[in-house]
Amino acid sequence: MSAEQRKKMIVLMINMFIAIGSFGIIIPILPAYLASINQGGTAAGLMIAIFAGAQLIFSPIAGKWTDQYGRRKMIIYGLAGLTLSMFIFYAVNSIWLLYASRVVGGIGAALLVPAIFAYVADITTFDQRAKGNSLVSAAMSLGIVVGPGIGGFLADFGLKFPFLISALVSLAAVVFSIFVLKESETKEVAQATEMAEEESMLRQIAMSVKKPYFIPLIITLVLSFGLMAYESIIGLYLDNQFSATPQEIATMITATGIVSVIVQLFVVDRVVRRFGEVSVLNIFIGIAAIGFLLSLFASNYGVFFGISLIIFLSTSILRPVLNTLISKMAGNEQGFAMGMNNAYMSIGNVLGPTLAGLMYDVRITYPFILGLVLLVITLFITMAWQKRSLHAKALSKQSLS
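Numbering-wise, the sequence shown is residues 466 to 866 according to my numbering.
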C-alpha cells in the first residue's frame with residue numbers, strides 16, 4: 466500500500482477500534498449487571514437480538530446511503546448512534562429502556578459497518594482487498610481485546626461505571642472522525658446510485674438473490690446464526706458453569722481477542738493467497754464446528770478457555786474472508802453489497818441470540834448444540850457451492866475450446 470493508503474487505513478482502524486472497544490468494555494460485567502436487575506439468559510439474548518434487528522432493518526438503507534451520500538457521513542452518524550446508545554444504557558435501569566438503547570445502537574452499527582468496509586474497497590486495489598479487510602477486522606478484534614480488559618478492571622468501581630466510560634470513549638470516536646476523516650471520493654458510484662430507485666429492505670433482499678455473491682451472503686447468515694448463539698450466552702455460561710468472575714470473563718475475551726488480532730494481521734492474507742477464499746471457508750468452518758463439539762465436554766474453566774481460543778481463531782479468519790469474497794464479487798456495488806452483507810449477518814444475529822437465550826434458560830448446553838448444527842449446515846452449503854462453481858468453470862472452458 467502507498468503512504469496515502471496506509472494513512473487512510475489507520476484512520477479507519479482507529480474508528481473501528483474505538484467503536485468496538487467502547488462496546489467491549491461492558492461485556493464482562495453484563496452477566497452480573499443483568500443479575501442485579503433480575504434478568505437472565507433470555508434478556509442477554511434479546512440484548513443482542515434487538516441490536517441486530519435494528520441493524521437488519523436499516524442495513525439496506527444504510528448501504529444505499531453509503532453510496533449516495535458518502536462514506537464519511539455514514540461513519541460519523543453511525544458512531545454518533547452508538548454513542549447515544551451507550552449513554553442511554555448508563556442512564557437507565559429499566560429493561561425496556563435498555564432494549565430501546567440497543568435499537569439506537571443497532572441503527573448506528575448499520576450506518577457504520579458497511580460504510581467502513583465500502584471505504585476500504587474505495588482505497589484498495591482488487592489484490593489489496595483481503596489485506597485491507599483484514600486490517601479493519603484486526604482493529605475490531607483489538608477493540609475486543611482492550612475493551613473487556615478495561616471493563617473487568619472498571620467493574621471494581623461499580624457495575625455501571627464501565628457504561629459511562631464506554632459512552633465517553635465512543636464520543637471521542639465521533640469527535641475524532643469529524644476532524645480527521647476525509648471522504649473517499651467515489652463520484653462514479655455515487656452518481657450511479659443517485660439514478661437508482663429507492664427500494665424497500667425486502668425488495669433489496671429479493672434483488673440480492675440474483676447477485677453473484679448470494680451464496681456467500683447465505684453463508685454469512687447461517688454462520689452468524691450459529692456463532693451468535695455461542696457468543697451471546699458465553700458470559701452467562703462461564704458464570705453459571707464455572708463461577709467465573711467479571712475479571713475471568715474479561716481475561717478469556719481478551720485472550721481470544723489477542724489471538725484474533727494476530728491472525729488477522731499476519732495470517733489471513735497469506736492463507737487466502739495460498740488456498741483461496743472458498744477453501745479457507747471450508748477448513749475453518751470445520752474447525753469451528755469441532756470447537757463447538759468439544760465445548761460440550763469442557764470440564765473446567767481452563768479447558769473451556771482453550772476450546773474458545775480455537776473457536777475464536779476460526780471466526781477471526783472466517784469473517785474477513787467472507788467480507789473479502791463478497792467485496793470482490795460486488796464490482797461497483799460496494800455500498801449495496803456491504804449493506805446486504807450486514808443485513809444477512811443481522812438476520813443471523815437476531816435469530817441466533819434470541820433462540821440461544823431461550824434455550825439457555827431451558828438447558829445451558831442447548832445453545833452450543835444449536836451452534837454446532839448450524840456450522841455443519843454452513844459447511845455443507847459452502848462445499849456444495851464450491852462444487853457447483855468448479856463445474857461451471859469446467860463447462861465454460863469446454864465451450865471456449
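C-beta atoms are modelled at their ideal positions from N, C-alpha and C, and glycine is treated no differently.
Tell me whether residue i sits in a helix, a strand or coil according to DSSP, three-state version.
i, result
"Asp-592", "coil"
"Pro-677", "coil"
"Ala-709", "coil"
"Arg-828", "coil"
"Ile-475", "helix"
"Ile-698", "coil"
"Lys-652", "At Lys-652 the pLDDT is 45, less than 50, meaning the model places this residue with poor confidence; the figure from the coordinates comes in the next sentence. Lys-652 falls in the helix class under three-state DSSP."
"Val-867", "Outside the displayed span of the chain (466 to 866) sits residue 867, for which this structure offers no information."
"Ala-527", "helix"
"Ala-575", "helix"
"Ile-490", "coil"
"Ser-467", "coil"
"Met-803", "helix"
"Ala-720", "helix"
"Gly-535", "coil"
"Glu-504", "It is worth fixing the name first, because residue 504 is Gln in this sequence and not Glu. Reduced to three states, the DSSP call for Gln-504 is coil."
"Ala-603", "helix"
"Ala-580", "helix"
"Ala-763", "coil"
"Ala-821", "helix"
Name the two residues that bound the continuous alpha helix (DSSP H) containing residue i.
i, result
"Asp-867", "In the structure as shown, the chain starts at 466 and stops at 866, and residue 867 therefore has no counterpart that could be examined."
"Lys-793", "766-795"
"Asn-558", "Run containing Asn-558: none; DSSP gives neither H nor E here."
"Asn-747", "742-760"
"Ile-630", "626-645"
"Ala-497", "495-501"
Note down the Cα distance separating residue i from residue j, rounded to an integer number of angstroms.
i, j, result
"Leu-563", "Arg-738", "44 Å"
"Ser-792", "Trp-530", "17 Å"
"Ser-566", "Ser-811", "17 Å"
"Gly-510", "Met-693", "9 Å"
"Thr-819", "Leu-688", "15 Å"
"Tyr-825", "Val-743", "33 Å"
"Ser-467", "Pro-785", "22 Å"
"Thr-658", "Pro-677", "At Thr-658, the pLDDT of 45 sits below 50, so the modelled position is not reliable and the matter cannot be decided from this model."
"Asn-788", "Asn-598", "7 Å"
"Ile-782", "Phe-749", "8 Å"
"Ile-714", "Ile-776", "16 Å"
"Ile-560", "Phe-628", "15 Å"
"Lys-647", "Met-478", "14 Å"
"Met-524", "Ala-709", "In the sequence on display, residue 524 carries Ser and not Met. Cα to Cα, Ser-524 sits roughly 36 Å from Ala-709."
"Glu-469", "Gln-799", "21 Å"
"Ala-821", "Phe-516", "15 Å"
"Phe-641", "Thr-843", "39 Å"
"Ser-764", "Gly-771", "12 Å"
"Leu-624", "Tyr-534", "40 Å"
"Val-654", "Thr-589", "A caution first: Val-654 carries a pLDDT of 46, below 50, which makes its placement in the model too unreliable to give a value."
"Leu-499", "Met-794", "42 Å"
"Ile-680", "Ala-583", "20 Å"
"Ser-631", "Asp-532", "30 Å"
"Met-474", "Ile-718", "25 Å"
"Ala-484", "Phe-554", "15 Å"
"Met-660", "Leu-600", "With a pLDDT of only 38 at Met-660, under 50, the local geometry of the prediction cannot be trusted, and the value read off the model is given with reservation. Taking the straight line from one Cα to the other gives about 33 Å."
"Gly-486", "Phe-626", "15 Å"
Taking residue i and residue j to be in contact with their CB atoms under 8 Å, please state how far apart those CB atoms are, rounded to whole angstroms.
i, j, result
"Gly-817", "Gly-691", "7 Å"
"Gly-612", "Gly-571", "Going by Cβ atoms, the distance from Gly-612 to Gly-571 rounds to 18 Å, so no, they are not a contact pair."
"Leu-837", "Gly-700", "Their Cβ separation, rounded to whole angstroms, is 20 Å, which puts Leu-837 and Gly-700 out of contact at 8 Å."
"Ala-753", "Leu-840", "6 Å"
"Phe-833", "Phe-757", "6 Å"
"Asn-705", "Ile-829", "6 Å"
"Gly-573", "Leu-547", "4 Å"
"Val-815", "Ala-514", "5 Å"
"Ala-638", "Asn-480", "6 Å"
"Arg-536", "Asp-592", "No, Arg-536 and Asp-592 are not in contact; Cβ-Cβ is about 21 Å, not under 8 Å."
"Leu-686", "Gly-813", "5 Å"
"Val-724", "Leu-774", "6 Å"
"Ala-808", "Leu-619", "Not quite, the Cβ-Cβ distance comes to about 34 Å (not below 8 Å), so this is no contact."
"Val-951", "Ala-527", "Summary: the structure shown does not reach residue 951, with the chain confined to residues 466 through 866, and so no result is reported for it."
"Val-736", "Val-745", "6 Å"
"Gln-698", "Gly-616", "Gln is not the amino acid found at residue 698; the sequence shown has Ile there. So it is not a contact: roughly 18 Å between Cβ atoms."
Exercise for the section: Indicate whether the contact test is met: 3 or more Cβ pairs, each with one atom in the region 579-594 and one in the region 800-812, closer than 8 Å. Expected result: yes
Exercise for the section: Would you check if there are 3 or more beta carbon pairs closer than 8 Å linking the region 837-853 to the region 540-555? Expected result: no
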